[in-house]
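Inspection log for the structure reproduced underneath, given as structure tokens.
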Amino acid sequence: MGKIKVGILGATGMVGQRLIQLLDGHPWFEVGYVAASEQSAGKSYAAAVEGRWHSATAIPDRVRGLVVGDVAGIAKAMASCSLVFSALETDAAGVYEEKYAAAGLPVVSNASAHRHTPDVPMLIPEINPEHLGIIPAQQKSRGWKNGFIVVKPNCSIQSYMAPLHALREFGIKHVIVSTMQAVSGAGHPGVASLDIVDNIIPFIKGEEEKSEREPLKIFGRVSGSGIISDDSIRISAHCNRVPVIDGHMACISVEFKKKPSREQVLAAWKGFKGVPQELKLPSAPAQPIVYTDDPVRPQSRLDRDNGNGMVVTVGRLRECKVLDYRFVGLSHNTIRGAAGGAVLTAELLKAKGLV
Ligand code: NAP
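Taking our numbering, the leading residue of the sequence shown gets 226, the next gets one more, and so forth.
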């Protein structure tokens, strides 16, 4: 069987480029269409990203010569692919993702435009794959036949969502989290070098609100026509931009309804596996959470690429003097937190027969 042709909307940006890189040689998917804004449209992909290609690996040969489409040209996408990844800037995502879905294409989005649309699943495939069950209701209420939208959550929450999920049997009550987020999380050109070199910026617009709200939907449950958030958990977030290129780190304190022992926490993390591991999806790391005993790890530069950037590396588990436990989590923001998570979601869609 041939590979499924996929399109990338926002293919020229930071996340779009990661998608191009991760899909090169993918066993199931092949890039057949790329689109971006008017300023890139009509150029070859190589020309459109000239001077702003961020990967150390070369632009894949099969993508270099693809002509970048204007994201408004949906008919061309329809003729060239069977699924689109969206790495569009937020406002453009708000305008175009529904149009692509209405035209009949499944959309797997990195953008925030639909994260809180009640019948749009916000997926971390190891945590809430059952939320895909809302898709028929989403299609029915909008009169869509084959198209639908699935979104990924914000990159900043990835370094602690799986570690918290693995401990949910103990009843999570309160979470206090401080993130140290890489500059690539702001896209390109992102934060000016004069603002971030030798500096930490203790504010990222909208990020704390997303960090406090998105986990509740992911931990929620599917009802008839939407996803009901789990409002029993209270989260307080501080989000900081730090001078690291890739890798979002988080320091987390957590309180449980029934405090587990340290051994129970470590065993839950070590044994944690989800549907992507059971199905052996191509991008699924064998062990999604890896704990390190080294007291000075995880570190952004040394650990962000674990499991090809798909592993959450956790360390420094210790008692918390205010809540129950505290620990440090790290994940690669443009891989697990964006492009890699989106590819894993698309693999799950294929494995479930939804594309
Ligand atoms: P980026 O580097 O700024 O790229 C934005 C992309 O959107 C570019 O391809 C750009 O095309 C296109 N675009 C911008 N305005 C457009 C318009 N009006 N019409 C059509 N296309 C337009 O941003 P990014 O970091 O890749 O992020 C992409 C999306 O993923 C955002 O929604 C972001 O919030 C989300 N996200 C990012 C990360 C991360 O770590 N960076 C993580 C998770 C989620 P041109 O090149 O032609 O301008």
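Glycine is no exception: its CB is placed at the ideal position from the N, C-alpha and C atoms.
- At the C-beta level, E433 and A462 come within 8 angstroms of one another.
- Within the DSSP secondary-structure output, K230 pairs in a beta bridge with E255.
- Distance from the CA of R487 to the CA of L392, rounded to the nearest whole angstrom, comes to 11 angstroms.
- By the C-beta criterion, the segment 562-571 is judged not to be in contact with the segment 414-425, since fewer than 3 inter-stretch pairs fall below 8 angstroms.
- Here K495 carries a helix assignment [DSSP, helix/strand/coil].
- Non-local beta-carbon contacts of S337 in its own chain, meaning distances under 6 angstroms to residues more than five positions away in sequence, involve T315 in chain order.
- Non-local beta-carbon contacts of Q383 in its own chain, meaning distances under 6 angstroms to residues more than five positions away in sequence, involve S556, R561, G562 in chain order.
- Y516 is bridged by DSSP to V539.
- Counted as a single uninterrupted DSSP element, the beta strand (DSSP E) harbouring V376 occupies residues 373-376.
- Setting aside the 5 residues that flank it on each side, G232 is surrounded in the same chain by Y258, A302, C306, V309, each with a C-beta closer than 6 angstroms to its C-beta; the list follows chain order.
- By DSSP's assignment, A475 forms a beta bridge with T404, G554.
- Relative to the non-hydrogen atoms of the ligand NAP, the Cβ of V547 never comes closer than 7 angstroms to any of them.
- Setting aside the 5 residues that flank it on each side, P343 is surrounded in the same chain by S450, G451, I452, each with a C-beta closer than 8 angstroms to its C-beta; the list follows chain order.
- The segment 401-409 and the segment 364-375 do not touch, with fewer than 3 CB-CB distances between them shorter than 8 angstroms.
- Annotation for V469: A407, S525 place their beta carbon closer than 6 angstroms to its own, counting only its chain and skipping 5 residues before and after.
- For the 8 angstroms CB-CB criterion, A387 and F497 form a contact.
- Of the heavy atoms belonging to the ligand NAP, at least one sits nearer than 7 angstroms to the Cβ of L313.
- The beta carbon of V240 sits closer than 7 angstroms to at least one heavy atom of the ligand NAP.
- Boundaries of the beta strand (DSSP E) harbouring H463: 459-466, taken from the DSSP string.
- Take L234, set aside five residues on each side of it, and the residues of its chain with a beta-carbon closer than 6 angstroms to its own are A260, V296, V309, S311, L313, in chain order.
- A direct Cα-Cα distance of roughly 31 angstroms separates L569 from P520.
- Ranking P346, G227, I352 by CA distance to the CA of I514 puts I352 first.
- In this structure, DSSP gives D286 a helical state, which the three-state scheme calls helix.
- Within 10 angstroms of the beta-carbon of K495 lie fewer than 16 other beta-carbons, which makes it exposed.
- Secondary-structure assignment with DSSP links P331 through a beta bridge to F373.
- Contact fails between the segment 320-330 and the segment 244-256, because fewer than three Cβ pairs, one in each stretch, are under 8 angstroms apart.
- Inclusion of H413 in the 7 angstroms shell around the ligand NAP follows from its C-beta lying nearer than that to a non-hydrogen atom of the ligand.
- When P485, A509, L506 are compared, the shortest CA-CA separation from E544 is found for P485.
- S450: not part of any beta strand (DSSP E); DSSP gives it neither H nor E.
- In chain order, K435, E439 place their CB closer than 6 angstroms to the CB of N379, counting only its own chain and leaving out the 5 sequence neighbours on each side.
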